[in-house]
Amino acid sequence: MSNLDRRPAAQQLGGLAATTAGPALDLLPGKEVLLGESTRVRRLLPTLGRRMVGAWAFVDHYGPDDVAAGAGMQVAPHPHTGLQTVSWLLEGEVHHRDSLGSDVQFGPRPLALMTAGHGIAHAEQSPVVHPRFLHGAQLWVALPDAHRDTAPAFEHHATLPGWTSDGLTSTVLMGSFGGATSPGMAYTPLVGVDLDVAAGADVEVPLEPDCEYGLLASSGSVPGEGAPLERGAMLYLGTGRSTLRLSAGEASRLLLLGGEPYEEHLVMWWNFVGRTGQEIADYAEQWNAESARFGAVVGYDGARLEAPPLPPVPLKARGRER
Ligand code: MN
2 MSNLDRRPAA QQLGGLAATT AGPALDLLPG KEVLLGESTR VRRLLPTLGR
52 RMVGAWAFVD HYGPDDVAAG AGMQVAPHPH TGLQTVSWLL EGEVHHRDSL
102 GSDVQFGPRP LALMTAGHGI AHAEQSPVVH PRFLHGAQLW VALPDAHRDT
152 APAFEHHATL PGWTSDGLTS TVLMGSFGGA TSPGMAYTPL VGVDLDVAAG
202 ADVEVPLEPD CEYGLLASSG SVPGEGAPLE RGAMLYLGTG RSTLRLSAGE
252 ASRLLLLGGE PYEEHLVMWW NFVGRTGQEI ADYAEQWNAE SARFGAVVGY
302 DGARLEAPPL PPVPLKARGR ER
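Just so we're aligned, residue 2 is where the sequence shown starts under our numbering, counting upward by one.
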């Protein structure tokens, strides 16, 4: 999915000052954002309350939306740099096309992982004939300086590892969790896990004390460490925890996102992650000039998205640039 905002704000991300030195229980309600003409999403990251959790730099949760009578998700070709996109569906189907020639339809459970690196373009649409409901999360992972210029790649993993215990089924999207490791390529120590919690379950899951975590309720509502968490909200858990206790009154689907606190300072604007405002301005100019950096999406019927005008104030990374 894309940031379709025509006046996107520049986001200054990263740096250890943004991470708590121990456990936290900060509720991030997110904010509602209109994507295009039809799709409403709840943006959990970045928001005023929190910008990153580990390398997770962007978290949108959408649906479940009844798209039976409409076109569903319709995102025209647009570029990315310096990040990975993780597409995770709970319901529905998405047709992904990118400038590497990938042409894939996927539904719930498989992982669609796109590494933008140096530059890529892609389009995402609900197929013409699609399921009634669309529900999922769109996540971005910032690439570290050593790998942000890597060649673009698209991975589609039909089966993911995980385990079931005490009313909890885990599916590991990214990184390692409880002894299971995702086949998805990761460039920093991070984890992304879908937790399917049965009604009445009362379980503890393992965490790494050196990592920070956020818990998103995709459906249902489950207290995390006793703190209430409603559907569509995220609970920032901070660092310094070795376990997380979940006691679900009702059946719930959660997304646990975590990783080592992100030390590098980043600039994020529209669909780009860079290190300086000049870099971002160059990416935007190159996209609008149809530069070979991004390539072309073949098979999409329609116009591509133009980069919005750059903000009048120069984009700067906060603190020291690394
Ligand atoms: Mn995108």
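Ideal Cβ positions, reconstructed from N, Cα and C, are used throughout, including at glycine. Quick caveat, the model's predicted, so the values are computed rather than measured.
| message | Given a cut-off of 9 angstroms on the beta-carbon distance, is the pair D66 and L236 in contact? | response | No; because the gap between Cβ atoms is not below 9 angstroms, this pair is not in contact.
| query | What alpha helix (DSSP H) runs, 4 residues minimum, are completely inside the stretch 53-104? | reply | If only complete runs of 4 or more residues are kept, the stretch 53-104 shows no alpha helix (DSSP H) anywhere.
| request: Could you check what DSSP says for Q13 in three-state terms: helix, strand or coil? | output: Q13 falls in the strand class under three-state DSSP.
| request: Please classify Y284: does DSSP put it in a helix, a strand, or coil? | output: DSSP places Y284 in the helix class (H, G or I) of the three-state scheme.
| request: Flag this pair as touching only if the stretch 236-255 and the stretch 192-212 have three or more C-beta atom pairs under 8 angstroms; answer yes or no. | output: With a cut-off of 8 angstroms, the stretch 192-212 and the stretch 236-255 count as touching, because enough Cβ pairs lie within range.
| request: At 3 residues or longer, and completely inside the stretch 168-201: list those beta strand (DSSP E) runs for me, N to C. | output: The qualifying runs are 169-175 and 191-198.
| query | Straight-line CA distance for P153 to Q12? | reply | Approximately 23 angstroms between the Cα atoms of the pair.
| In its own chain, which residues sit with a C-beta less than 8 angstroms from the C-beta of G215, not counting the 5 before and 5 after it? | Around G215: L29, L45, L46, R51, V54, W57, V60, M235, L236, Y237, L238, L257, L258 and G259.
| query | Using DSSP with H/G/I as helix, E/B as strand and the rest coil, what is G23? | reply | In the structure shown, G23 adopts coil according to DSSP, grouped into three states.
| message | My assumption, with CB atoms under 8 angstroms, is that H123 sits in contact with S100. Please give the rounded CB distance. | response | That pair is a contact at about 7 angstroms.
| R323 to D302, Cα distance in whole Å? | For R323, the predicted structure reports a pLDDT of 37, less than 50, and the residue's modelled location is therefore unreliable. A value from the coordinates is still provided. Their backbone Cα atoms lie some 40 angstroms apart in a straight line.
| task | Kindly give me the distance between the Cβ atoms of A181 and L84, rounded to whole angstroms, as I take these residues to be in contact under 8 angstroms. | result | Between A181 and L84 a beta carbon distance of about 24 angstroms is seen, past the 8 angstroms cut, so the two are scored as non-contacting.
| Hey, is the stretch 93-109 in contact with the stretch 152-170, meaning 3+ C-beta pairs nearer than 8 angstroms? | Touching, yes.
| field | As assigned by DSSP and simplified to three states, the class of G278 | value | Correct three-state label for G278: helix.
| request: Name, in chain order, the residues that DSSP records as bridge partners for W270. | output: In the DSSP assignment, W270 forms a beta bridge with F273.
| task | Kindly indicate which three-state DSSP category A290 falls into: helix, strand or coil? | result | Three-state DSSP puts A290 in coil, outside helix and strand.
| DSSP beta-bridge partners of K32 | The partner list for K32 (beta bridge, DSSP) reads R44.
| request: Inspect the beta-carbon positions of G137 and H62 and report whether they are closer than 9 angstroms. | output: Going by C-beta atoms, G137 is nearer than 9 angstroms to H62.
| request: Flag this pair as touching only if the stretch 90-98 and the stretch 127-134 have three or more C-beta atom pairs under 8 angstroms; answer yes or no. | output: Output reads yes: the stretch 127-134 touches the stretch 90-98.
| Residues sharing a beta bridge with S166, DSSP | Its beta-bridge partners are L169.
| field | Environment of D146 [buried if 16+ CB atoms lie within 10 Å] | value | Exposed, because fewer than 16 other Cβ atoms sit within 10 Å of the Cβ of D146.
| query | With which residues is L148 paired in a DSSP beta bridge? | reply | The amino acid occupying residue 148 in the given sequence is His; Leu does not appear at that position. DSSP, once it has assigned bridges, lists no residue as partnering H148.
| query | Can you pull the DSSP bridge partners for H157? | reply | Beta-bridge analysis with DSSP links H157 to A113.
| task | Indicate whether T21 and T240 have their beta-carbon atoms separated by less than 9 angstroms. | result | A contact, by the Cβ cut-off of 9 angstroms.
| said: With DSSP as the reference, identify every bridge partner of F107, one or two as the case may be. | reply: DSSP lists V95 as the bridge partner or partners of F107.
| Over what stretch of residues does the beta strand (DSSP E) that includes R51 continue unbroken? | For R51, no beta strand (DSSP E) run applies, since DSSP gives it neither H nor E.
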